[in-house]
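Reviewing the structure listed below.
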Amino acid sequence: MADKEGITLIVFSGDLDKALAAFNLAIGAASMGMKVSMFFTFWGLNVIKKNEGSIKSKGLMRRMLNAMNRGGPKRLPLSKFHMMGVGTRMMKGLMKDVNFPQLEELMAMANGMGVKYIACTTSMGMMGIEKDAFIPEVDSFAGVATYLAQAREGQVNLFI
Amino acid sequence: MADKEGITLIVFSGDLDKALAAFNLAIGAASMGMKVSMFFTFWGLNVIKKNEGSIKSKGLMRRMLNAMNRGGPKRLPLSKFHMMGVGTRMMKGLMKDVNFPQLEELMAMANGMGVKYIACTTSMGMMGIEKDAFIPEVDSFAGVATYLAQAREGQVNLFI
Amino acid sequence: MADKEGITLIVFSGDLDKALAAFNLAIGAASMGMKVSMFFTFWGLNVIKKNEGSIKSKGLMRRMLNAMNRGGPKRLPLSKFHMMGVGTRMMKGLMKDVNFPQLEELMAMANGMGVKYIACTTSMGMMGIEKDAFIPEVDSFAGVATYLAQAREGQVNLFI
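Line by line, the protein sequences are chains Z, D and W.
Taking my numbering, the leading residue of the first sequence gets 1, the next gets one more, and so forth.
Taking my numbering, the leading residue of the second sequence gets 1, the next gets one more, and so forth.
Taking my numbering, the leading residue of the third sequence gets 1, the next gets one more, and so forth.
As structure tokens, then:
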């Protein structure tokens with residue numbers, strides 16, 4: 001691991017704008033030959049959930065949480081100006097207008113360049129989310145020890 | 001300091017979810033033998049305030065701010081779905097349900113493992129918060145120079 | 001670059017409280033002899049916009065976005081307790097009260113100490129913001145590759 005420079009990104013946020021920033025960084029780093037690991041935790045798990053299907057969880061409270069907090073890259077709100085979806089739709093229009101790739105295209109690019117996606121098992125357990133809720137590109141399911149082992153070797157470590 | 005690897009965490013946020021993430025990282029790092037320093041600043045000061053008692057500050061505006069921004073680990077809201085406390089109470093219930101420790105238990109564990117808590121004196125001065133507003137586990141009161149001296153030696157530095 | 005220690009700050013947020021934290025860190029690091037680079041991206045571009053004048057953009061949607069998202073250091077809201085400007089004005093009053101410099105004074109100090117301001121060209125393109133919308137202290141306009149080249153050499157890298 002020490003012979004190749006590394007970057008780790010903790011994606012804590014489930015907001016579209018922060019996810020766009022995270023994948024821009026990931027793609028930039030991968031194209032410079034860096035090893036990139038993205039750790040999705042808490043609301044950030046929404047970024048790597050499937051757009052389709054519903055999440056089966058046990059218990060009324062978990063079902064309510066997962067219904068409100070549905071996730072999937074198509075559903076992420078902006079952290080500002082979401083305005084019941086109007087602002088977020090506008091931002092996606094602006095991106096299209098200047099031929100800037102949408103989040104899902106950035107995710108496909110990052111995956112194609114070897115960026116690793118790790119889902120946080122601690123958050124999954126807390127929220128009652130099973131492995132099959134996530135897109136197949138997720139490379140592994142792990143906790144804080146896996147993150148720290150990589151971060152201590154990394155040149156750049158960010159919490160987003 | 002150079003012979004032991006270090007991690008520093010700036011806890012800027014006063015949200016429960018981000019505080020949980022910060023203490024999970026801190027406990028994970030401490031259990032791997034790393035030196036961990038947590039710098040609480042701005043809204044993050046709320047995490048290390050006492051649950052009991054009231055904050056005495058000078059001037060009407062500071063008293064108003066500290067009444068609204070009461071703090072203490074029991075009172076922190078979620079950054080999403082707080083819903084006047086209903087969502088936050090639900091999340092605490094979900095955590096209990098899977099035997100995940102509450103924030104105050106994580107804080108006791110981190111403290112027992114030698115994690116250092118530093119309160120930012122600049123934010124304290126701005127907001128009119130005195131030392132006796134904080135839990136006794138706080139190790140020191142310091143500013144940005146102390147943070148930077150540790151961060152430049154650290155392997156992992158995050159802003160939460 | 002390797003002979004002088006460096007710190008990089010990504011300023012993603014356009015909130016006053018986070019901008020204050022970023023400039024406190026920048027000034028602290030510069031006064032310790034570190035090379036400091038601040039990368040302003042997404043909402044963070046608001047921090048380095050001019051207070052005066054209006055932003056000319058093409059297309060109705062971009063004009064609407066830039067009208068809502070006006071920016072300039074005088075206009076930044078707090079991330080909490082903004083309350084239609086009342087809370088933010090109160091916080092500025094508290095800062096004045098303890099002789100704590102306002103954001104614009106911190107920015108002037110940082111600039112005088114050699115802190116570099118870089119505006120993210122990707123965000124500018126997406127939002128339709130031209131170079132002349134920014135304060136003259138901005139040193140350069142660049143993308144993720146420039147950030148990563150500096151961050152991989154830096155001792156401290158934070159995402160704010």
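All C-beta atoms, glycine included, are put in the ideal place defined by N, C-alpha and C.
**Cut-off 6 Å between Cβ atoms - residues of its own chain near T8/Z, not counting five sequence neighbours on either side** = Excluding sequence positions up to five before and after T8/Z, its CB lies within less than 6 Å of the CB of S37, Q150, A151, G154 and N157, all in the same chain and listed in chain order.
**Asked** Exposed or buried, what is K49/Z when buried is set at 16 or more other beta-carbons lying within 10 Å of its beta-carbon?
**Response** buried
**Message:** For the structure I just gave you, are there three or more beta carbon pairs, one from the segment 107-116 of chain Z and one from the segment 15-33 of chain Z, closer than 8 Å?
**Reply:** Counting C-beta pairs with one atom in each stretch, the segment 107-116 of chain Z and the segment 15-33 of chain Z have three or more that are closer than 8 Å, which means they touch.
**Prompt:** chain Z beta carbons: is any one of them nearer than 8 Å to that of L156/D?
**Reply:** Note that residue 156/D is Val in the sequence shown, not Leu. Yes, because at least one Cβ of chain Z sits closer than 8 Å to the Cβ of V156/D.
**Asked** If you run the structure through DSSP and keep just helix, strand and coil, what is V36/D?
**Response** strand
**Request:** Determine contact between the segment 11-19 of chain W and the segment 75-82 of chain W, defined as no fewer than three beta-carbon pairs at a distance below 8 Å.
**Result:** yes
**Prompt:** What residue does the alpha helix (DSSP H) around S79/Z start on, and which one ends it?
**Reply:** No alpha helix (DSSP H) contains S79/Z, which DSSP labels as neither H nor E.
**Asked** Would you call the CB atoms of E137/W and Y117/W closer than 8 Å?
**Response** yes
**Item:** Residues from the segment 23-40 of chain D in contact with chain Z, defined by Cβ distance under 9 Å
**Value:** Hits within the stretch, in order: N24, L25, I27, G28, A29, S31, M32 and M34.
**Message:** DSSP three-state label for G6/D, please.
**Reply:** strand
**Asked** Which of the three DSSP states, helix, strand or coil, is assigned to L20/Z?
**Response** helix
**Request:** Say whether chain Z places a C-beta atom closer than 8 Å to the C-beta of A21/D.
**Result:** yes
**Asked** For K190/W, which residues of its own chain have a beta-carbon under 6 Å away from its beta-carbon, when the five flanking residues on both sides are left out?
**Response** This structure does not reach residue 190/W, given that chain W is present from 1 up to 160, and the question cannot be answered.
**Request:** Just mark M68/D as buried or exposed, buried being the case when its beta carbon has 16 or more other beta carbons within 10 Å.
**Result:** So M68/D ends up on the exposed side.
**Asked** Are the C-beta atoms of A2/Z and some chain D residue less than 8 Å apart?
**Response** Confidence at A2/Z is low in this model, with a pLDDT of 49, below 50, so its placement is unreliable and the value that follows should be read with caution. It does not; no Cβ of chain D falls within 8 Å.
**Cβ of I160/W within 8 Å of any chain D Cβ** = yes
**Request:** Use the C-beta contact count for A2/W: other C-beta atoms within 10 angstroms, 16 or more gives buried, fewer gives exposed.
**Result:** For A2/W, the predicted structure reports a pLDDT of 49, less than 50, and the residue's modelled location is therefore unreliable. A value from the coordinates is still provided. Within a 10 Å sphere around the beta-carbon of A2/W sit fewer than 16 other beta-carbons, which makes this residue exposed.
**Request:** Tell me the start and end of each unbroken alpha helix (DSSP H) in the segment 79-120 of chain W that is at least 4 residues and wholly inside, in chain order.
**Result:** 86-97 and 103-112
**Prompt:** Which of the three DSSP states, helix, strand or coil, is assigned to V138/D?
**Reply:** Residue state, collapsed to three classes: coil.
**Asked** CA-CA distance, T146/D and S140/D?
**Response** One C-alpha to the other measures close to 10 Å.
**Message:** Strictly below 7 Å CB to CB, what residues from chain D border V144/Z?
**Reply:** Ordered by position in chain D, the residues that pass the 7 Å Cβ test against V144/Z are N24, L25 and G28.
**Prompt:** Is N157/D helix, strand or coil when you go by DSSP?
**Reply:** strand
**Request:** Sort out for me which residues DSSP pairs V11/D with in a bridge.
**Result:** According to DSSP, which records beta bridges pairwise, V11/D is partnered with F40/D.
**Message:** Residues of chain Z with CB closer than 7 Å to the CB of M68/W, please, in chain order.
**Reply:** F81
**Request:** Answer with buried or exposed for N66/Z, where buried requires no fewer than 16 other C-beta atoms within 10 angstroms of its C-beta.
**Result:** buried
**Message:** If I measure Cβ to Cβ from A142/Z and keep anything under 7 Å in the same chain, skipping five residues before and after, which residues do I get?
**Reply:** Excluding sequence neighbours, A142/Z sits near I118 and T121.
**Request:** Step through the CB atoms of chain D and report whether any lies within less than 8 Å of the CB of F42/W.
**Result:** Closer than 8 Å: no.
**Prompt:** Beta-carbon of M113/W versus every beta-carbon of chain D: anything under 8 Å?
**Reply:** It does not; no Cβ of chain D falls within 8 Å.
**Request:** Please confirm if M109/D has its CB atom under 8 Å from at least one CB of chain B.
**Result:** Of the chains in the structure shown, none is chain B; the protein chains are Z, D and W.
**Asked** Whose CA, out of K4/D, F23/D and E5/D, lies closest to the CA of F159/D?
**Response** F23/D
**Prompt:** What do you reckon, are the CB atoms on M124/D and L60/D nearer than 8 Å?
**Reply:** no
**chain D contacts made by the segment 123-135 of chain Z, where a contact means CB separation under 8 Å** = G125, M126, M127 and G128
**Message:** For M91/Z and G87/W, what's the separation of their Cα atoms in angstroms?
**Reply:** 28 Å
**Asked** At which residues does the alpha helix (DSSP H) containing A149/Z begin and terminate?
**Response** V144 to A151
**Prompt:** Quick one: Cα of G72/Z to Cα of G128/Z, how far?
**Reply:** 16 Å
**Prompt:** When DSSP builds the beta bridges, which residues end up paired with K49/Z?
**Reply:** F134/Z
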